[in-house]
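Here's the structure we're looking at; comments come further down.
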Amino acid sequence: MRRIRALAVSAVVVAAVGVVAPTATAGNDNNHNNNGNNSGGNNNGNNNGNNNFGGGNGDQPGNIVAMPSVIASGGRLTITVDGRSCENGFVESPAFERTRLSGLGRDDRGGGRGSATATVTVHRFASAGSHEITAECDGRRITRPHAFTIIGGVRGGLGGSSETGATTTDMAIGGGLVAAAAIGGGLFWMRRRAENRA
21 MRRIRALAVS
31 AVVVAAVGVV
41 APTATAGNDN
51 NHNNNGNNSG
61 GNNNGNNNGN
71 NNFGGGNGDQ
81 PGNIVAMPSV
91 IASGGRLTIT
101 VDGRSCENGF
111 VESPAFERTR
121 LSGLGRDDRG
131 GGRGSATATV
141 TVHRFASAGS
151 HEITAECDGR
161 RITRPHAFTI
171 IGGVRGGLGG
181 SSETGATTTD
191 MAIGGGLVAA
201 AAIGGGLFWM
211 RRRAENRA
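Written out as structure tokens, the structure reads:
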């Protein structure tokens, strides 16, 4: 449970930092522009990397997408793999059983990149954190690391019982952190506004 709580708190802290950071830069136009340019470059790099993952022609296995990208242990995950050769292929991961892919067909003209999909059930006792997915299509294998993230998992104690998602205590802690971040960001903005008027 400590691991779950740590994951939940970490996620909330990241969200809280996202609330404060834009407010903190509002008083400095030059820094704001520079940060915006840098963020844009990072986003373009990440999007291009994700969209082109495992590229190749329409017959070869390509991009692997898992939805939802964040899931509780024991949940159902839908996986899509680009590539016509994947219509009778397989997907596998340490977090779920090897499963056959079903073809989604091609474009309206009978060409282009085909896709295949499979729905899997994440192991109830799968470890929390990011997991890879491997697709095997017509003898070719590609692996996408960090394809999805599991929250929840085995809790220590009698019987090895499991707990999924955040507890009421986790939610209370997270709510307090978000509220504190919002108040702190508001005070910072008011102070910068007063300084600019002076």
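Sequential numbering of the sequence shown, starting at 21, is according to the numbering used here.
Just so you know, even glycine gets a beta-carbon here, dropped at the ideal spot from N, CA and C.
Nothing here was measured: the structure is a model prediction, and the numbers come from that model.
Taking the straight line between their C-alpha atoms, what separation do you get for residue 167 and residue 155? The count along the sequence shown starts at 1 and reaches residue 167 at position 147. The count along the sequence shown starts at 1 and reaches residue 155 at position 135. Taking the straight line from one Cα to the other gives about 12 Å.
Let me know the secondary structure DSSP gives residue 118 once reduced to three states. Counting from 1 along the sequence shown, the entry for residue 118 is found at position 98. Reduced to three states, the DSSP call for residue 118 is strand.
Secondary structure at residue 105, three-state DSSP: helix, strand or coil? Here residue 105 refers to the residue found at position 85 when the sequence shown is read from its first residue. In the structure shown, residue 105 sits in a helix (DSSP, three-state: H, G or I).
Counting only runs that start and end within the stretch 127–165, where is the alpha helix (DSSP H) found for 4 or more residues in a row? If we require 4 residues or more, the stretch 127–165 turns out to have no alpha helix (DSSP H) run fully inside it.
Tell me, please, which residues DSSP counts as bridged to residue 124. Against the sequence shown, residue 124 aligns to sequence position 104. None, per the DSSP bridge assignment.
Could you tell me which residues DSSP puts in a beta bridge with residue 92? Position 72 of the sequence shown holds residue 92. Paired residues: 171.
In terms of DSSP beta bridges, what is residue 87 paired with? By one-based count along the sequence shown, residue 87 stands at place 67. Looking at the DSSP assignment, residue 87 forms a beta bridge with 98.
Leaving out the 5 sequence neighbours to the left and right, which residues in its chain are closer than 8 Å to residue 130 when beta-carbon positions are compared? As a first step, residue 130 is located in the sequence shown; it is residue number 110 there, counting from the start. Residue confidence for residue 130 is low, a pLDDT of 47 falling below 50, so the modelled location carries little weight; the figure read from the coordinates is stated next. Taken in chain order, the list of residues that qualify is empty.
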